[in-house]
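Structure, as structure tokens:
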Amino acid sequence: MQTKYLAGSAALFAGLLVLGWITHGTGIVRDDPERNIVIPDELLTELQVKAAYDGENIYFRYRWPVERPSIFNDVLVYQDGNWEERGGEVLGPDPDFLVEDRVAMMIDDGSVPMFSRYGGYITIGDGLTTFTGVPETDEERTKYLPSTRTDPNDFDSVKPQSDLETLRAAGQFLDLWQWRSSRSNPIALGDDGFVAEERGGDEGTGPYATNWDDALNQPKFMFDPAKVSGGALNIDDVTSGKVGFNDVYYLSNETAVPFDPDRQWKNGDTIPRRMLQAETGSRADVAMPSAARWRNGFWDVTLVRAMDTGNPLEDKIFRDGGNYDLAFSVFRNASTMRWHYVSLPVSLGLEQPAQMVAERFEGDTPDWTQPWTEITMYYPGQVTWGRLTDARQHPGADRIAQRVPVASRHSEEQLALYGVQMEFADEIRRQWLWTLFVSLGLIAGLGINVNLLMRRREEKAQ
Amino acid sequence: MTRQTPTQTGISGIPKDNPMIPAQQRIRRIAFTATILGLLGAGAALAHGADAGVQVEVVGEPSWSLSPVYHILVAHFPVALWMAAYLFILIRSLSDSQFAVRLQKAIWPLAALGTLAGFVTYGLGLTIYPWSAITESPLGRNHIMLATWTLSYWTVMSVLGYRFRRHLFDGAQRWITLVLATIGAMVITITGTLGGSLGGTPSLVTKSLSWIGWDVYMTYYLPTWMLVAYGAGALLLIAIGIVGSRRV
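Chains as they are written, first to last, in the working numbering: chain A, 1 to 462; chain B, 463 to 710.
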């Protein structure tokens with residue numbers, strides 16, 4: 001009889017362990033738009049990169065999977081007499097695909113402390129736009145370098161302009177190349193920017209302007225009716241993906257005409273909110289040999305820039321035989337802002353040993369025969385540099401102080417999972433503590449049970 | 463006049479052929495062993511804290527911390543002792559041979575010493591990082607969780623071993639003993655591999671856990687309804703124990 005009680009108890013205990021194993025980790029991690037939390041379905045993706053140079057120009061070729069390309073960004077939709085803005089900035093993936101795909105690359109030549117070891121993490125200060133608990137501000141609070149603040153964890157503690165200029169002259173900035181599927185690709189442009197005291201564009205004008213006239217409360221441009229029937233697209237055709245690469249889907253000098261308010265606009269008429277334009281100044285340094293196309297589930301994008309742009313305060317100058325550090329990000333599935341995938345830092349050598357080697361070529365264009373460098377990209381969640389360097393919040397803070405590279409301690413998958421959990425840090429910690437105490441109670445219950453039920457043979461005989 | 467030969471007595475003067483060492487003597491020996499282990503750990507901590515550890519300034523750095531190496535070093539003792547105890551339980555559960563019966567006598571001392579060493583290891587582990595930091599780390603949380611389970615579980619096993627000795631293997635009870643010990647061996651293994659992962663050396667065991675449903679980089683926590691089930695399960699186990707003990 002007693003053996004049956006014991007067996008039943010062991011079965012109950014083991015059953016609860018198994019049930020706990022099956023159900024663990026559930027009940028907390030879920031989308032919470034109120035707190036700007038949307039967890040991507042996929043936490044990891046891949047980016048393939050190649051680089052080549054000829055002594056004058058350097059080319060980077062990027063390829064990454066995208067199930068459905070997004071060739072629109074924010075648009076203006078006519079509805080009952082008004083032009084309403086849609087898309088552009090949404091939390092997480094936009095079901096209407098009104099958020100463009102993008103690739104970005106940060107570059108350093110060894111001047112920025114710790115970038116080679118921690119990549120983009122060093123640029124994530126506290127209180128950035130879209131982070132949970134950060135109030136919305138008129139001005140976007142972008143990433144920045146810790147050295148540009150008197151308190152690296154205080155966005156508002158920007159150093160005096162003279163100090164910033166000194167830092168810039170010392171090379172303490174990251175070069176930032178960007179490609180956008182809607183706001184630069186159609187006219188074969190990239191975008192040259194930087195990360196220093198802010199994330200910004202180099203001097204000059206960028207590849208797009210806002211297609212909105214505040215004074216008249218109407219768009220500035222519309223499609224040329226000779227190229228797009230009615231001067232506008234239809235929103236359903238746009239969001240369903242019916243409008244594609246072979247259609248005129250962007251506004252530029254070739255496709256646009258001044259907006260005509262007297263046309264008979266109908267509900268659903270859609271005009272891009274951005275007018276594409278030629279770039280000027282240093283911002284025009286990053287270009288494309290030709291506009292990219294999405295094919296067979298992949299974007300395949302090539303950017304090119306002069307190795308020496310003549311703008312050493314805005315661009316990292318590439319030199320034959322040089323070594324550099326890169327960090328990538330890709331935006332896919334119609335997501336923007338912090339809903340991107342990032343890489344750990346990647347070393348680049350121009351015909352030098354590195355994780356990624358840029359090959360020197362002769363002739364007009366690279367033949368791209370070298371193999372791809374495969375880079376694992378991951379969703380970073382909300383992890384700030386302040387948290388990582390605080391020993392009260394991060395057990396590895398001392399390793400960072402010792403300059404131990406992140407890649408030697410964490411994999412991309414691990415960082416993605418940590419990033420997600422960091423978005424629910426308090427809730428998970430609380431639930432974990434409860435689990436610790438309650439499971440301890442279960443083990444104690446088992447101990448009491450078995451001690452009561454176990455028998456010595458002499459006792460049985462009595 | 464009788465004369466005892468050296469082979470007949472131990473160093474404490476207790477006849478060696480007397481299997482029943484007085485309880486007080488046992489307790490004294492256990493206390494002695496625990497004290498030695500504790501002193502070794504504390505000595506190592508003090509020796510290390512003098513001129514080693516993190517010398518670089520870190521925000522929020524604790525005033526005193528202990529290098530993980532001592533925790534890692536000492537952790538091998540409970541692991542070895544408990545796993546040896548498990549091996550002996552396994553052999554004894556499957557065999558009534560003379561050899562198995564001899565091994566059986568070492569089970570509870572091994573388990574108990576393992577538990578004592580486990581407490582020292584656990585204490586050393588808690589000195590490495592600030593509590594606020596280690597409980598922010600999913601891997602750190604998981605290691606603490608499994609270490610707590612392991613220590614509490616083997617404390618239970620040690621008490622059982624001490625109280626029931628050879629009766630653990632009476633009749634069908636031996637299978638209960640084997641099942642409980644197997645669970646104990648599993649939690650030791652997982653705790654150890656999580657410690658390895660925390661130290662930056664994940665093993666195949668770490669990866670295999672993800673194949674059976676647990677990515678160790680995700681915090682192990684139960685949903686609230688499961689916490690209630692666990693609480694109810696604990697009470698039910700105690701109730702079954704009380705009812706069962708009265709009916710036997």
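All C-beta atoms, glycine included, are put in the ideal place defined by N, C-alpha and C.
Note that the coordinates shown come from a computational prediction; the quantities given were computed from them, not determined experimentally.
Boundaries of the alpha helix (DSSP H) harbouring Y118 of chain A: F115 to Y118, taken from the DSSP string. The DSSP-derived three-state label of W299 of chain A is strand.
When A:E412, A:R86, A:D390 and A:W339 are compared, the shortest CA-CA separation from M377 of chain A is found for A:E412. When 7 Å is used as the limit between beta carbons, S439 of chain A is near these residues of chain B: W611 and Y692, in chain order.
If you draw a 10 Å sphere on the C-beta of F72 of chain A, you find 16 or more other C-beta atoms in it, and that means buried. Exclusion of the five residues before and after R387 of chain A leaves Q393 and H394 as the residues of its chain whose Cβ lies within less than 7 Å of its Cβ. The region 628–644 of chain B makes no contact with the region 670–686 of chain B, as fewer than three CB pairs between them are under 8 Å. In chain order, T583, L586, G587 and I590 place their CB closer than 7 Å to the CB of H533 of chain B, counting only its own chain and leaving out the 5 sequence neighbours on each side. Listed in chain order, the beta strand (DSSP E) runs fully inside the region 230–270 of chain A are 256–258, counting runs of at least 3 residues.
Judged by DSSP in its simplified three-state form, M307 of chain A adopts coil rather than helix or strand. Of the residues assessed, A226 of chain A falls on the exposed side of the cut-off, its CB having fewer than 16 other CB atoms within 10 angstroms. Taking D109 of chain A as the centre and dropping the five residues before and after it, the same chain places the C-beta of K316 and Y324 closer than 6 Å to its C-beta, in chain order. Not a single CB atom of chain B sits nearer than 8 Å to the CB of I122 of chain A. P600 of chain B sits in a helix when the DSSP states are folded into three classes.
Neighbours of H394 of chain A in chain B, taken as residues whose beta carbon is under 8 Å from its own, are A595, E598 and S599 in chain order. Counting only Cβ-Cβ distances below 8 Å, H629 of chain B has contacts in chain A at M454, R455, R456 and R457, in chain order. Close to N451 of chain A, with beta-carbon spacing below 7 Å, are these residues of chain B in chain order: V621, L622 and R625. By DSSP's assignment, P272 of chain A forms a beta bridge with A:V75. The secondary-structure analysis by DSSP pairs Y378 of chain A across a beta bridge with A:L44 and A:V342.
For W64 of chain A, the closest C-alpha among the options A:D163, A:K4 and A:H340 is that of A:H340. CA-to-CA, the gap between V667 of chain B and M680 of chain B works out to about 15 Å. Checking the DSSP bridge columns, you'll see M106 of chain A partnered with A:L176 and A:A327. Not a single CB atom of chain B sits nearer than 8 Å to the CB of W64 of chain A. At least one CB of chain B lies nearer than 8 Å to the CB of A425 of chain A. Between V450 of chain A and M422 of chain A, the gap from beta carbon to beta carbon reaches 8 Å or more.
Counting C-beta pairs closer than 8 Å gives three or more between the region 324–336 of chain A and the region 75–93 of chain A, which meets the contact rule. Within the region 16–30 of chain A, contact with chain B at the beta-carbon level (separation under 8 Å) is assigned to L16, L17, L19, G20, W21, I22, T23, H24, G25, T26, G27 and I28. Counting only residues of its own chain and dropping the five nearest sequence neighbours on each side, Q218 of chain A has a CB closer than 7 Å to the CB of W83, F259 and P261. Between T639 of chain B and I551 of chain B, the C-beta gap is smaller than 8 Å, which places the two residues in contact. Under the three-state reduction of DSSP output, S594 of chain B falls in the helix class. At the C-beta level, G381 of chain A and V420 of chain A come within 8 Å of one another. Spanning the alpha carbons of G20 of chain A and L684 of chain B requires a straight line of approximately 6 Å. Contact annotation for D632 of chain B against chain A: R455, R456, R457 and K460 [CB-CB distance below 8 Å, chain order].
Excluding sequence positions up to five before and after I28 of chain A, its CB lies within less than 7 Å of the CB of F424, E427, I428 and Q431, all in the same chain and listed in chain order. C-alpha of Y121 of chain A to C-alpha of A215 of chain A: approximately 41 Å in a straight line. The Cβ-Cβ distance between R283 of chain A and D192 of chain A falls below 8 Å.
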